[in-house]
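Report on one structure; see the data block that follows.
Number of protein chains: 2
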Amino acid sequence: MYDIGQKRVGKVLKTSRKYLNWVQNSVLEGNISRVNYEKLKAELNSIINPEVDSVIFYTFRTTKYSEREIIGIQKGGEEVIL
Amino acid sequence: MYDIGQKRVGKVLKTSRKYLNWVQNSVLEGNISRVNYEKLKAELNSIINPEVDSVIFYTFRTTKYSEREIIGIQKGGEEVIL
Numbered sequence: 001m002y003d004i005g006q007k008r009v010g011k012v013l014k015t016s017r018k019y020l021n022w023v024q025n026s027v028l029e030g031n032i033s034r035v036n037y038e039k040l041k042a043e044l045n046s047i048i049n050p051e052v053d054s055v056i057f058y059t060f061r062t063t064k065y066s067e068r069e070i071i072g073i074q075k076g077g078e079e080v081i082l
Numbered sequence: 101m102y103d104i105g106q107k108r109v110g111k112v113l114k115t116s117r118k119y120l121n122w123v124q125n126s127v128l129e130g131n132i133s134r135v136n137y138e139k140l141k142a143e144l145n146s147i148i149n150p151e152v153d154s155v156i157f158y159t160f161r162t163t164k165y166s167e168r169e170i171i172g173i174q175k176g177g178e179e180v181i182l
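Top line first, the protein sequences correspond to chains D and S.
Oh and the first sequence: position 71 is 71 in the numbering used here, straight run, nothing missing.
Quick note: to get the numbering used here, add 100 to the position in the second sequence (first position is 1).
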């Protein structure tokens, strides 16, 4: 999930969507290989302003011990075209 | 993490911080019991507008298989007073 200045937010979302699915305003999810994860981080590092922008990655080697629950509206998703 | 209308966002953050630590603009983390997790969801349900607002919960029974990485600035945190 990211918190990015207005100017760069579109580029961050576009880059992230090459690798992950968009699930909420500033949240993406998906299966990603170690190689692509490193590529994604490198690409985002070249876009963001590290003094004001922030991106958090949570990675799970298995989804066996994790759950995901949404309250309210489900935004994002595959069907949304930017 | 949440995506909440301006009017309700302060209340959502305040409520969430009773149970969790704030780590980024719209992201909180923490250890939470099943009981408190249900309480938090009930409280947030009474605040949000489910037609426009969205809250996603990721829960892990163990942190053994998960990792967390931040690029850019680390926002939030215990020391920040709203």
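The beta-carbon is built from N, C-alpha and C at its ideal position, and this holds for glycine as well.
Bear in mind the structure is a predicted one, so any value in this text is a computation, not a measurement.
Less than 6 Å between C-beta atoms, sequence neighbours within five positions excluded: which residues of the same chain meet that for residue i?
i      : result
S/D103 : S154
D/V80  : Reliability fails at D/V80, whose pLDDT of 42 lies under 50, so the model's placement of it is uncertain and the value that follows must be treated cautiously. Cβ within range, chain order: n/a, list empty.
D/Q6   : none
S/E143 : T115
S/I132 : Y119
D/I70  : none
In the DSSP assignment, find the beta strand (DSSP E) that holds residue i and state where it starts and stops.
i     : result
D/Q24 : 21-24
D/I71 : 66-72
Could you give the first and the last residue of the continuous alpha helix (DSSP H) run that contains residue i?
i     : result
D/I56 : Note, D/I56: premise wrong, no alpha helix (DSSP H); beta strand (DSSP E) at 54-60.
D/E87 : This structure cannot speak to residue 87 of chain D, because chain D is shown only from 1 to 82.
D/K7  : 6-17
Beta-carbon within less than 7 Å of residue i's beta-carbon, same chain only, minus the 5 sequence neighbours each way: which residues are those?
i     : result
D/E78 : Low confidence applies here, because D/E78 scores a pLDDT of 47, under 50, leaving its location unreliable and the question unanswered by this model.
D/M92 : The first residue shown for chain D is 1 and the last is 82, placing residue 92 of chain D beyond what the model contains.
D/V9  : none
Who pairs with residue i in a beta bridge, going by DSSP?
i     : result
D/V27 : D/Q24
Can you name, in chain order, every residue of its own chain whose Cβ lies under 8 Å from the Cβ of residue i, other than the five neighbours on each side?
i      : result
S/N149 : G105, R108
D/K11  : I47
query: Using 8 Å as the threshold, is the region 152-168 of chain S in touch with the region 66-77 of chain D, meaning 3 or more CB pairs across them?
result: Counting Cβ pairs under 8 Å, three or more are found: they touch.
So, do the region 111-120 of chain S and the region 138-146 of chain S have three or more beta carbon pairs nearer to each other than 8 Å?
-> Contact between the region 111-120 of chain S and the region 138-146 of chain S is present, because at least three Cβ pairs lie under 8 Å.
Residues of the region 15-45 of chain D with a CB closer than 8 Å to any CB of chain A: list them in chain order, please. No chain A appears in this structure, whose protein chains are D and S.
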